[in-house]
Amino acid sequence: MAPSGPPVGLPRLLRSGSRSDAPLRLSAHVERLGPPPLGGDVRRGPREALIRAVDAGGLRGRGGSGFPMARKLRAVADGARRPVVVANGTEGEPASTKDKLLLQSAPHLVLDGVMLAAEAVGARRAIVCVEQAARRAVLSMEAAVDERRATRLDPIEIELAAAPSGYVVGEESALVRWLNGGPPKPTFVPPRPFEKGVGGRPTLVQNVETLAHLALLARYGPDWFREIGTPGHAGSALVTVSGAVSRPGVYEIAPGTPIAEMITACGGAPDDARAILVGGYAGRWLDLDHHLQLGLSDDQLGQVGASLGAGVVVVLPRSGCGLAETTRIARYLAGESSGQCGPCVNGLEAIAAGLDQLHRGQSGAGTAATLRRWAGDVAGRGACHHPDGAARLVASALEVFSDDIDWHRRHGRCLVDAGGPRPATSHAGRSG
Ligand SMILES: Cc1cc2nc3c(=O)[nH]c(=O)nc-3n(C[C@H](O)[C@H](O)[C@H](O)COP(=O)(O)O)c2cc1C
Ligand code: SF4
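The sequence shown begins at 415 in this note's numbering and counts up by one.
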């Protein structure tokens, strides 16, 4: 049977709606999309035309930083030695399940992307990293790799690596260090993995969702890819929505979808939502008194210093306490540092403790200002971006929940924790 042609509209990566998690086997995958458009011989070296298509399509990384994929492909392809491709499916972000769902439900889309990336840069080694604890994702990928091996679909062997759990394990230098036999902790860069990574070779580390997009972009071209999204955030995006919604889960959206529309689609009430945490635990709080109609895309969120990051939206209800939630996350982030640098070791615990004081109403008048200064001090000072993310989260909480900080201090406690109604703040009379 001939493949059904380019998908029109959404979904692209997920099969239907938000909860399709049964693995699509190889025969059904090929029937639907056709075989991956591989050039034939990976030994020929980099495929410049594919890199140009990725550039024209404007595909950016979906693992958190939103870095343009074409620039990374070029840098790795231009390296002195034959490169290695690493698919990052470790998904250490606690508020995200999109990568696990993709690995479970569309393993061959990811593996097509891995093969295409290997061809684009001229790699002969490709490794797919999945969190060992994500059993369904691991099993789905093992079965998919076996199917491809049996049909000799791929020009090079795909290796599977079951990675340990942890927030910083998915940081690219930590992943490369672990693949090289070391502990899964970030290294002190440079050289970056794209210069010297697995086995000392230039290494392309790419999030698994990014690779799944590549599998479609290579089939249907850059113009098709840009049909969904915004100029600065092309292609669809997987977003994990949780918090004050009745249908939490992974949704495939068109970047630019207004926040209010997203909350409604997930069974939430935009008017009852106080704020969202967007991007992930290393993301930013946005108060919904002013941003309900803002589009969920990197270009629109960028106007207020945020990004879609790892594709996370956590909805905080009006009955919730943003300070309590931020304290919990800051503690988690402090505990997840690899303990190698001063900003994490000395800074993150102290910031979490200060937040806890704010939340319990036990802080002095200058505590928020001190925390703001500490957040500024730790940002950009670690070997990896872990403290930067924590600092961004904390700085945004101090801004968005400033009325709450005053209220907690005046009353010496958190009313939400005590089971009472939320304090009245200046947020009445919101406009959408
Ligand atoms: C603390 C930390 C944790 C990270 N965890 C992940 C992760 O779990 N999965 C992921 O794909 N990228 C993660 N990243 C980003 C990777 O370092 C890297 O940028 C990404 O895998 C590149 O893929 P992309 O360009 O396709 O997004 C993390 C970064 C940091 C600083
Ligand atoms: S900045 Fe923090 S998480 Fe990153 S390497 Fe240093 S101690 Fe580890």
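We treat Cβ as the ideally placed atom computed from N, Cα and C, and that holds for glycine.
Item: Contact the segment 757 to 767 vs the segment 793 to 804: 3+ CB pairs below 8 Å; Value: yes
Item: Cβ pair count under 8 Å reaching 3, the segment 772 to 791 against the segment 670 to 687; Value: no
Item: Contact test: Gly749 Cβ vs ligand 2 heavy atom, cutoff 7 Å; Value: no
Item: Continuous beta strand (DSSP E) stretch holding Ile667: start and end; Value: 663 to 667
Item: Distance cut-off 7 Å: Gln754 Cβ against heavy atoms of ligand 2; Value: yes
Item: Nearest-angstrom beta carbon gap, Ala674 and Leu700 [assumed within contact, 8 Å]; Value: In fact, because the Cβ distance is near 12 Å, the residues do not count as touching under 8 Å.
Item: Exposed unless 16 or more other CB atoms sit within 10 angstroms - verdict on Gln518; Value: buried
Item: Continuous beta strand (DSSP E) stretch holding Thr617: start and end; Value: 617 to 621
Item: CB contact flag (Ile690, Leu730, <8 Å); Value: yes
Item: Classification of Gln620 by the beta-carbon crowding that lies within 10 angstroms, buried from 16 upward; Value: buried
Item: CB-CB length for Arg640 against Ala648, believed under 8 Å; Value: 5 Å
Item: Neighbour-count burial assignment, Arg461, 16 or more Cβ in a 10 Å radius; Value: buried
Item: Three-state class that DSSP yields for Ser845 in the structure shown; Value: Low confidence applies to Ser845: its pLDDT is 28, below 50, so where it sits in the model is not reliable, and the reading given next is rough at best. It is coil, neither helix nor strand.
Item: CA-to-CA distance, Ile743 to Leu631, given in whole angstroms; Value: 36 Å
Item: Inter-residue spacing [alpha-carbon to alpha-carbon] between Glu533 and Pro801; Value: 35 Å
Item: Proximity winner among Ala804, Val468, Ala548, Ala629, relative to Ala575 (alpha-carbon distances); Value: Ala548
Item: Closer than 7 Å: Cys758 CB and nearest ligand 4 heavy atom; Value: Annotation note on ligand 4: not contained in the displayed structure, which lists ligand 1 and ligand 2 as its ligands.
Item: Per DSSP, cross-strand counterpart(s) of Thr654; Value: Val664, Val726
Item: Enclosing alpha helix (DSSP H) for Ala696 [first to last residue]; Value: Note, Ala696: premise wrong, no alpha helix (DSSP H); not H, not E.
Item: For Pro684, the nearest candidate out of Arg563, His705, Pro607, Gly693 (CA to CA); Value: His705
Item: Status (buried if at least 16 other CB within 10 Å, exposed otherwise) for Ala564; Value: exposed
Item: From Ser418, Glu666, Arg698, residue whose alpha carbon lies closest to that of Ser810; Value: Arg698
Item: Beta-ladder partner(s) of Val544, from DSSP; Value: Gly503, Ala576
Item: Near ligand 2: Val619 beta-carbon under 7 Å from a heavy atom; Value: no
Item: Per DSSP, cross-strand counterpart(s) of Ala648; Value: Gly643
Item: Buried versus exposed, by CB contacts within 10 Å (16 or more), Glu571; Value: exposed
Item: Any non-hydrogen atom of ligand 2 within 7 Å of Gly584 CB; Value: no
Item: beta-carbon Pro578 near ligand 2 non-hydrogen atom, thresh 7 Å; Value: no
Item: Beta-carbon proximity of Leu618 to Leu487, cut-off 8 Å; Value: yes
Item: Identity of the residue in Ala509, Val664, Ala658 nearest Ala687 by Cα; Value: Ala658
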